[in-house]
Amino acid sequence: MEKTLHLILAEQKRQGDLLHQLINAVAVTNVKVADLDGKVTELNVKITETNEKVTEMDGKITEMDGKITEMDGKITEMDGKITEMDGKITELNGKVAIIGTKLDSVFEEVKDIKATMATKHDLEYYDQMISEHSREIYKLKNH
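Note that the working numbering has the sequence shown beginning at 43, numbered continuously upward.
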């Protein structure tokens with residue numbers, strides 16, 4: 043019986059040692075779980091921050107998309123105005139060409155008129171001759 047008691051005590055000691063090992067293992071595991079829990083909390087904070095930044099960036103992208111759409115409209119409007127102005131410029135160039143042709147014609151006419159026109163000297167001479175003829179006619183009538 044003493045032998046049995048020793049066996050029981052030895053078994054009890056072995057099981058006690060195993061229980062202490064399990065308790066130590068659970069304590070180590072609890073420390074590791076607490077460490078992992080802290081790391082998970084840190085990751086959750088970082089994920090939340092990242093989500094906030096992504097949401098902020100999404101807002102900025104939406105704003106930029108609106109501005110791009112607005113600028114696209116303005117570019118289309120400006121393109122229409124440029125096309126309209128191009129048409130007007132073409133029309134004005136045509137008118138300028140016609141005016142240039144007419145101006146050349148007027149210059150030629152003025153040149154012809156100047157060539158056949160009496161000068162101041164000619165008019166003074168004609169005036170003098172008319173005066174002389176008038177005197178001669180007067181003399182002839184009165185004599």
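Where a beta carbon is used, it is the ideal one built from N, C-alpha and C, also for glycine.
Coil, strand or helix - residue i by DSSP
i, result
"M106", "helix"
"K160", "In the sequence as presented, Lys is not what sits at residue 160; that position holds Ala. A160: coil per DSSP, three-state reduction."
"L120", "Contrary to the premise, residue 120 reads as Met rather than Leu in this sequence. If DSSP states are grouped into helix, strand and coil, M120 belongs with the helices."
"M43", "coil"
"H62", "helix"
"H185", "coil"
Proximal residues to residue i (C-beta, below 7 Å), its chain only, five neighbours per side dropped
i, result
"H175", "none"
"K109", "none"
"M127", "none"
query: Can you list the alpha helix (DSSP H) stretches of 4 or more residues lying completely in the segment 73-101, in chain order?
result: Here no run is fully enclosed.
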